[in-house]
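Structure, as structure tokens:
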């Protein structure tokens, strides 16, 4: 497991490497073929002009008693073999292979085949040369040779004419491929952002128009999501069932303990039963909270079962549910309710408010106060619960919304689930949960603000 | 406890001093607890464990009060309630629901439940709700004793141990409202609506004044009306 993670391969890089290497091979192949064609073309073009002076010279050789000699004045001979670019040489040999005229150090031509003349390459004084050799019917051998500058220039020009466009096309192809791959991969980028922008628990299948090539990936991914969704549903159903099944017997147990506590009992037994009663009440509450959490988590993602809800009416219902308990704890429970209309889940929002109030009552000592506010702040709907309890230190604020987290030294018997439920519900509504102090003296204010919704505003206006 | 008619069979139908209550609850432990509380209060209790059975019993007999659990094994409590109301029965119905099932409360009240309690509830809470419903179910007693107060409903007179207490008509109406809603928070809006007359619209301030006057008159006798700040009032109900 210490292996470094494999370097991610890049489709673009792989494609470009493949493209560049094959283009390179093609260009090399073209170069080889073009070169040989060019050399042949150059020879075809220039060999004739070597043969002509050879014929001219041969025509002017006369053979007499004194032997053979060229009947041309030196000037005319020079003009015959003159060239602007290349150095031209000639040689005339007698049928007896004696050098009659021209350069002495040129080797005799290779064997003539059927032809009367032959072209070949050779080296002469360290320079490459092209030689045209001619044999007259009388047995004279005339060789005219020239250096290869003209020919090389022509070969170069032909090569350039063929290869430069090919290289340009190759470069253009590589550039096009570079951008084309980027363009072609756009759907993958779309897919990526679709996945990145997902809410963490949103397990709905991806809904992207995937091209044929990545459709299988999307399909497989959606299959995985479906498995996760199923597993999630099963787990939540189990939790909800377990909590639900626990609740009724706990309610029965609580009732019987209360009935027992009404009897004449010894102080010792009473204290024991009261402890059992307390534990039962806590267990009931925990079962309820687990159920609430399971419900909040399995609720369809944002908005699917939302209704237009006034937070004021939810706080209103909470006032009825919690007033007696607050009085019993000698806590002044107060309300300042203004209209705050949001699209929201009609089951989860009361759960959120209940847990906020329950939490505040739990940590506020007797004689303190808890105040619930609803309204709109600059058009932003909010609900807040303030208490005069000990407050939550700034460093703990992000942790208290974690499940089962309880601040060290917290009095009371909280489950550590209340604020986790609140956060879950707030997340479902795209809201913001803020925890701070009421004032410098302490206390806690938990404020939940919801996204402003102009459509709802227009509807309720 | 099994369901049956045994424990109510000897109660004459004309005998209105014994209240007849049907408890519909499938959990044995809870049903036993409820029955025991009600028996101790001197009521005649019958128990049904299934919705179908409850429905049959309700067809046969008239009960003053039905304590109805929503989650039943066969037909649910709502269906029992719906059939009951279809027969134009005037029995009072107290629905027991799970705490998180807000929709149940609303649904239940829509179907004609008179009140609801969310599980788990305390015995005291249960007793207070039952008392309030029975007060509606049977002829209002001529006299109520609450704490140190004696309330004569017919004559609209209130006495404390120290002598008669004079109440204005508004204060009397308020007192009656609290007496019939023990353990219930009454918002100022609700109070305003209940005390509404054509010639006078009661503002929140006016309600505060009336409640405050009523308090000074009845608090010395031990009846406490609590304030829910910014919202309304609550009389938690006392021993009668």
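Residue numbers (our numbering), protein chains in the order written: chain A, 40 to 500; chain B, 232 to 471.
The beta carbon of each residue, even a glycine, is placed where N, CA and C say it ideally should be.
Note that the structure is a prediction, hence the values are computed from the model and not measured.
Apart from the five residues just before and just after residue 286 of chain A, which ones in its own chain have a Cβ nearer than 6 Å to its Cβ? Here the question's residue 286 of chain A lines up with position 247 in the first chain. Taken in chain order, the residues that qualify are 326.
Show which residues of chain A have a CB atom less than 8 Å away from the CB atom of residue 258 of chain B. Within the second chain, the letter at position 27 stands for residue 258 of chain B. Chain A residues near residue 258 of chain B: 287, 288, 290 and 291.
Excluding the 5 residues preceding and the 5 following residue 411 of chain A in the sequence, name in chain order all residues of the same chain whose CB lies nearer than 6 Å to its CB. Along the first chain, read from residue 1 onward, the residue named residue 411 of chain A stands at position 372. Answer for residue 411 of chain A: 354, 374 and 424, listed in chain order.
Runs of 3 residues minimum, wholly inside the stretch 294-343 of chain B: which ones carry the beta strand (DSSP E) assignment? 296-300 and 323-329
With DSSP run on the structure shown, which of helix, strand or coil describes residue 460 of chain B? For the purposes of this step, residue 460 of chain B is identified with residue 229 of the second chain, where counting begins at 1. Here residue 460 of chain B sits in strand by DSSP.
Top-ranked residue by Cα proximity to residue 403 of chain B, from B:413, B:415, B:389 and B:270: What you label residue 403 of chain B is simply residue 172 of the second chain in a count that begins at 1. Looking at the Cα atoms, B:389 is the closest of the given residues.
Go through the stretch 155-212 of chain A residue by residue and report every complete run of the beta strand (DSSP E) that reaches 3 residues or more, in order. 156-163, 166-174 and 180-186
Going by DSSP, which residues form a beta bridge with residue 413 of chain A? Taking the first chain and counting its residues from 1, one reaches residue 413 of chain A at position 374. DSSP output for residue 413 of chain A lists A:376 and A:422 as bridge partner(s).
List the residues of chain B whose Cβ lies closer than 7 Å to the Cβ of residue 375 of chain A, in chain order. The count along the first chain starts at 1 and reaches residue 375 of chain A at position 336. Those are 461, listed as they occur along chain B.
Residue 303 of chain A lies in the alpha helix (DSSP H); which residues open and close that run? Reading the first chain from its first residue, position 264 is the one you call residue 303 of chain A. From DSSP, residue 303 of chain A is part of no alpha helix (DSSP H); its letter is neither H nor E.
Going by C-alpha to C-alpha distance, which of A:415, A:133 and A:496 sits closest to residue 177 of chain A? In the first chain, the residue the question calls residue 177 of chain A occupies position 138. Looking at the Cα atoms, A:133 is the closest of the given residues.
So is residue 274 of chain B buried or exposed if we call it buried at 16+ other beta carbons inside 10 Å? For the purposes of this step, residue 274 of chain B is taken as residue 43 along the second chain, with counting starting at 1. When all chains shown are included, residue 274 of chain B counts as buried.
Option nearest residue 276 of chain B by Cα separation, candidates B:264, B:395 and B:290: Against the second chain, residue 276 of chain B aligns to sequence position 45. Cα-wise, what sits closest to residue 276 of chain B is B:264.
Who pairs with residue 395 of chain B in a beta bridge, going by DSSP? Translated into the one-based positions of the second chain, residue 395 of chain B becomes position 164. Paired residues: B:390.
Is any beta-carbon of chain A found at less than 8 Å from that of residue 275 of chain B? For the purposes of this step, residue 275 of chain B is taken as residue 44 along the second chain, with counting starting at 1. With a threshold of 8 Å between beta carbons, residue 275 of chain B makes no contact with chain A.
For residue 253 of chain B, tell me which candidate among B:260, B:269 and B:259 has the shortest Cα-Cα distance. Taking the second chain and counting its residues from 1, the one referred to as residue 253 of chain B is at position 22. Looking at the Cα atoms, B:269 is the closest of the given residues.
Do residue 464 of chain A and residue 387 of chain A have their beta-carbon atoms positioned less than 8 Å apart in this structure? Taking the first residue of the first chain as 1, we reach residue 387 of chain A at position 348. Taking the first residue of the first chain as 1, we reach residue 464 of chain A at position 425. Cβ distance < 8 Å, so residue 387 of chain A and residue 464 of chain A count as in contact.
At a Cβ cut of 8 Å, what residues of the stretch 410-431 of chain B count as close to chain A, listed as they run along the chain? Against chain A - using a Cβ distance shorter than 8 Å - the residues of the stretch 410-431 of chain B are 414, 415, 416 and 418.
Against chain A, with Cβ distances strictly below 8 Å, would residue 282 of chain B count as a contact? Position 51 of the second chain, counted from the first residue, corresponds to residue 282 of chain B. Answer no: the Cβ-Cβ gap between residue 282 of chain B and chain A never drops below 8 Å.
To the nearest whole angstrom, what separates the beta carbons of residue 194 of chain A and residue 77 of chain A, a pair I think is in contact under 8 Å? Your numbering for residue 194 of chain A matches position 155 in the first chain. Your numbering for residue 77 of chain A matches position 38 in the first chain. About 4 Å separates the two Cβ atoms, so the contact holds.
If we cut at 8 Å on Cβ distances, does residue 351 of chain B have a partner in chain A? On the second chain, position 120 is the one that residue 351 of chain B refers to. Yes, contact with chain A.
According to DSSP, simplified to helix, strand and coil, what is residue 412 of chain B? As a working note, residue 412 of chain B is residue 181 in the second chain. Reduced to three states, the DSSP call for residue 412 of chain B is coil.
Neighbour-count burial assignment, residue 489 of chain A, 16 or more Cβ in a 10 Å radius: Translated into the one-based positions of the first chain, residue 489 of chain A becomes position 450. Buried.
Of the residues B:453, B:424 and B:464, the one placed nearest residue 443 of chain B, counting alpha carbons only: By 1-based counting over the second chain, the position of residue 443 of chain B is 212. Measuring from the Cα of residue 443 of chain B, the nearest candidate turns out to be B:464.
Can you tell me which of B:383, B:359 and B:323 puts its alpha carbon nearest to the alpha carbon of residue 294 of chain B? Stepping through the second chain from its first residue, residue 294 of chain B is reached at position 63. Closest by alpha carbon: B:323.
Applying the criterion that 16 or more other CB atoms from any shown protein chain within 10 Å of the CB defines a buried residue, is residue 92 of chain A buried or exposed? For the purposes of this step, residue 92 of chain A is taken as residue 53 along the first chain, with counting starting at 1. That one is buried.
Are the CB atoms of residue 289 of chain B and residue 320 of chain B within a distance shorter than 8 Å? Mapped onto the second chain, residue 320 of chain B falls at position 89. Mapped onto the second chain, residue 289 of chain B falls at position 58. Yes, the Cβ-Cβ distance between residue 320 of chain B and residue 289 of chain B is below 8 Å.
Might you give, ordered along the chain, the residues of its own chain that have their beta carbon closer than 6 Å to the beta carbon of residue 305 of chain B, omitting 5 neighbours on each side? For the purposes of this step, residue 305 of chain B is taken as residue 74 along the second chain, with counting starting at 1. Same-chain partners within the cutoff: 281, 282 and 283.
What are the complete beta strand (DSSP E) segments, minimum 3 residues, inside the stretch 320-367 of chain A? Within the stretch 320-367 of chain A, the complete beta strand (DSSP E) runs of at least 3 residues are 346-349.
Taking DSSP's pairing of strands, which residues face residue 252 of chain B in a bridge? Indexing the second chain from 1 puts residue 252 of chain B at position 21. DSSP output for residue 252 of chain B lists B:276 and B:296 as bridge partner(s).
List, in order along the chain, the chain A residues whose C-beta lies closer than 7 Å to that of residue 267 of chain B? For this step, residue 267 of chain B is matched to residue 36 along the second chain. By Cβ distance, chain A contributes 298.
Starting from residue 422 of chain B, trace the beta strand (DSSP E) both ways and give me its first and last residue. As a position in the second chain, residue 422 of chain B is number 191, starting the count at 1. Counting along the chain, residue 422 of chain B falls outside any beta strand (DSSP E), though it belongs to the alpha helix (DSSP H) covering 419-425.
Residue 457 of chain B at chain A interface by Cβ criterion, 8 Å: Position 226 of the second chain, counting from 1, holds the residue named residue 457 of chain B. Judged by the 8 Å Cβ criterion, residue 457 of chain B is in contact with chain A.
Here's the rule: buried if 16 or more other CB atoms are within 10 angstroms of the residue's CB, otherwise exposed. What is residue 38 of chain A? Only positions 40 to 500 of chain A appear in the structure, and residue 38 of chain A is not among them; the question remains open.
Based on the DSSP output, what are the partners of residue 108 of chain A in its beta bridges? Here residue 108 of chain A corresponds to residue number 69 of the first chain, with the count starting at 1. The partner list for residue 108 of chain A (beta bridge, DSSP) reads A:101.
Best match in A:306, A:226, A:288 and A:62 for proximity to residue 248 of chain A [C-alpha to C-alpha]: For this step, residue 248 of chain A is matched to residue 209 along the first chain. Of the candidates A:306, A:226, A:288 and A:62, the one whose C-alpha sits nearest the C-alpha of residue 248 of chain A is A:226.
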